[in-house]
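Trainee: Per my numbering, the very first residue in the sequence shown carries number 1021; after that it's consecutive. Next up is a structure, given as structure tokens.
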Amino acid sequence: MYNNTKYTGNDMPTGYVRVIHTVPDAPNVDIYANDKLIINNLAYGDYTDYLSIPEGRYKISLYVAGTKNSPVLANMLTVNKNSILTVAAVGNLSDIGLLAIADTNGIRKPGKAMIRFLHLSPNAPAVDITLPDGTVVFSNIAFKHITNYTDVIPMNYTLQVRAAGTSNVVLTVPDVNLTADKYYTVYAIGLLGEKPELDALLLLDGENNMNDM
């Protein structure tokens, strides 16, 4: 995880935002909100802690780290009071975009873990997420699509990413250790058959990941 100084605002109502860099051919980036540097030198595959940011509408600009000439991306982001967002830089450098994802949905089943999957590999086909015995957890997830959370028994899992509708395993994800009463997202990143290789990140979502704020 990348650690960064939290956004310093006034005592306005706030939302919470973390950022993840999943663009496989993009350099490290500095990230500005309304021309204020909030994250510096974020590398591919890294993500920040949640940042406490006053509610409002922000121009989010990404620059090659250490520069501030022409942004590689500029997009608008709305942060609402008490919202909890992950903002992902997605795609390839030639068509880079931002994807804002709401973390947690308020629905919690006591004693269960909540998990979902987000497909952010720009050259991979639609995929199914299964257990090694073929049990399907999520099906037919296309690039930039995210599933709903589903509740599962808290334990250590091995997950397989398969080309949708087939038994072709393109990635095995071991040691997916899920704890009761917590929300998780599995992010598929990287490139199928190219460098950087297809990989998965397991992130803990929402208010149960804000203890340091």
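Quick reminder that beta carbons are idealized off the backbone N, C-alpha and C, glycines included. In this text, all values refer to a predicted model and were calculated from it rather than measured experimentally.
Compute the Euclidean distance between the alpha carbons of Leu1198 and Asp1225, then round it to the nearest angstrom.
Mentor: 12 Å
Trainee: In three-state terms, what does DSSP make of Asp1055?
Mentor: coil
Trainee: If we ignore side chains and look at the alpha-carbon of each, how far apart do Val1092 and Ser1081 end up?
Mentor: Approximately 8 Å between the Cα atoms of the pair.
Trainee: When we look at the beta-carbon of Ala1122 and count the other beta-carbons within 10 Å, is it buried (16 or more) or exposed?
Mentor: exposed
Trainee: Apply the 10 Å Cβ neighbour rule to Ala1063 and answer buried if 16 or more other Cβ atoms are within range, or exposed otherwise.
Mentor: exposed
Trainee: As a quick exercise: from Val1084, Leu1211, Asn1112, pick the residue whose alpha carbon is nearest that of Ala1144.
Mentor: Residue Leu1211 is the option with its Cα nearest to Ala1144.
Trainee: At the level of alpha carbons, what is the spacing between Met1096 and Ile1040?
Mentor: 16 Å
Trainee: Can you list, in chain order, the residues of its chain whose CB lies under 7 Å from that of Asn1023, leaving out five sequence neighbours each side?
Mentor: Caution is warranted here: a pLDDT of 46 is assigned to Asn1023, below 50, making its placement in the model unreliable, and the coordinate value is therefore given only provisionally. So the qualifying residues of the chain are Asp1069.
Trainee: Identify, in the order they occur along the chain, each residue of the same chain with its Cβ nearer than 7 Å to the Cβ of Arg1182, setting aside the five sequence neighbours on each side.
Mentor: Val1147, Asp1148, Thr1150, Asn1188, Val1189, Val1190
Trainee: Got a sec? Which residues, its chain only, sit under 6 Å from Tyr1052 by beta carbon, not counting five neighbours each side?
Mentor: Ser1081
Trainee: Please report how far the alpha carbon of Gly1029 lies from the alpha carbon of Asp1055, in whole angstroms.
Mentor: With a pLDDT of 48 at Gly1029, under the threshold of 50, the predicted position of this residue should be treated as unreliable, though the coordinate-derived value follows. When rounded, the distance between both Cα atoms is 14 Å.
Trainee: Please confirm whether Ala1208 and Leu1119 have their CB atoms less than 8 Å apart.
Mentor: no
Trainee: Does the beta-carbon of Val1156 have 16 or more other beta-carbons within 10 angstroms, so that it is buried, or is it exposed?
Mentor: exposed
Trainee: For Glu1279, which of Asn1089, Asn1102, Pro1074 has the nearest alpha-carbon?
Mentor: Residue numbering for the chain in the displayed model covers 1021 to 1233; residue 1279 lies beyond these limits and cannot be assessed.
Trainee: Starting from the Cα of Arg1077, find the closest Cα among Asn1060, Ala1162, Val1099, Ile1059 and give me that residue.
Mentor: Of the listed residues, the one whose Cα sits closest to Arg1077 is Val1099.
Trainee: What residue range does the beta strand (DSSP E) around Pro1074 cover?
Mentor: 1071 to 1074
Trainee: The beta strand (DSSP E) with Leu1197 in it runs from where to where?
Mentor: Note on identity: in this sequence residue 1197 is Asn, with Leu being the wrong assignment. The continuous beta strand (DSSP E) containing Asn1197 extends over residues 1189 to 1197.
Trainee: Answer yes or no: do Thr1170 and Pro1194 have a C-beta to C-beta separation smaller than 8 Å?
Mentor: no
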